[in-house]
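Numbering (mature numbering (1 follows the signal peptide of the UniProt record, and there is no 0)), first residue to last: -26 to -1, 1 to 195.
Here the structure comes first, spelled out in structure tokens, and everything after it is commentary.
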């Protein structure tokens, strides 16, 4: 069959229109695919943000753990030698004390305060502060301050034994504990380092109970 010239022109035009429409649809499909990939990309970015969130939270928590002020430093630097002296006093009890209760109390004091010395020293190191050196400075230069025993007090305790030791140990340790409680109360009021404030609360609770126990044993409560 032969087409007239006008019909042939219309057929060619229609074919061109169909081809153009098909190409447009293909382009839209491609754009849709790209858009989908783009959303996938956004999803990937959201995943990265989500993945980084725990790291950011951990960093914030770490920074909060390191937050401290001058009161926290004073508490740690004061409590390290204070605890060392209490542990030294407690170390005399096994061979010198007569009362089983005094020996038990001394062991309780040593068990509680030895680990705290390590914790306090660790805080000071992490803050870039000086950890008090161990030795005679733990008592010879601090007698009377915050309940610290003088060198003479320590010598008197070292030379006592039996019931005389029991009495001297408890009298001196009551004074020593009262100093620690006062230091801990200052930390509770002025400090900002959460772990240090928690330790201060523990010291107030445990050492107040030990003071009451020693006063009861001495008959002075």
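By construction, the Cβ of each residue, glycine as well, lies at the ideal position given by its N, Cα and C atoms.
All figures in this text were calculated on a predicted structure; none of them were measured in a lab.
- For residue 107, the secondary structure class from DSSP, reduced to helix, strand or coil, is coil.
- Shortest Cα-Cα distance from residue 55 to any of 120, 163 and 141 involves 120.
- The beta-carbon distance between residue 158 and residue 50, rounded to whole angstroms, is 12 angstroms. This is too long to meet the 8 angstroms contact definition.
- If you ignore the 5 residues before and after residue 178, its C-beta comes within less than 7 angstroms of the C-beta of 155, 158 and 159, all in its own chain and listed in chain order.
- Counting along the chain, the unbroken alpha helix (DSSP H) around residue 97 starts and ends at 74 to 100.
- DSSP places residue 188 inside the alpha helix (DSSP H), whose first and last residues are 168 to 192.
- Taking C-beta atoms as the reference points, residue 71 and residue 143 count as a pair closer than 9 angstroms.
- Per DSSP, the beta-bridge partners of residue 71 are 136.
- In the DSSP assignment, residue 42 falls outside any alpha helix (DSSP H) and carries neither an H nor an E.
- Nearest neighbour of residue 139 by Cα position, chosen from 63, 195 and 48, turns out to be 63.
- In the same chain as residue 47, and ignoring 5 residues on each side of it, the C-beta atoms closer than 6 angstroms to its own belong to 103, in chain order.
- Sequence-distant partners of residue 95 (beyond 5 residues in either direction) whose C-beta falls short of 7 angstroms from its own C-beta, in its chain, are 54 and 105.
- When DSSP states are grouped into helix, strand and coil, residue 123 belongs to the coil group.
- Residue 58 counts as buried, since at least 16 other C-beta atoms from the protein chains shown sit within 10 angstroms of its C-beta.
- C-alpha of residue 90 to C-alpha of residue 181: approximately 13 angstroms in a straight line.
- Residue 82 and residue 68 have their alpha carbons spaced roughly 12 angstroms apart.
- Less than 9 angstroms divides the Cβ of residue 188 from the Cβ of residue 148.
- When the beta-carbon positions are compared, residue 151 and residue 184 come within less than 9 angstroms of each other.
- Per the C-alpha coordinates, the member of 78, 107, 60 and 99 positioned closest to residue 87 is 60.
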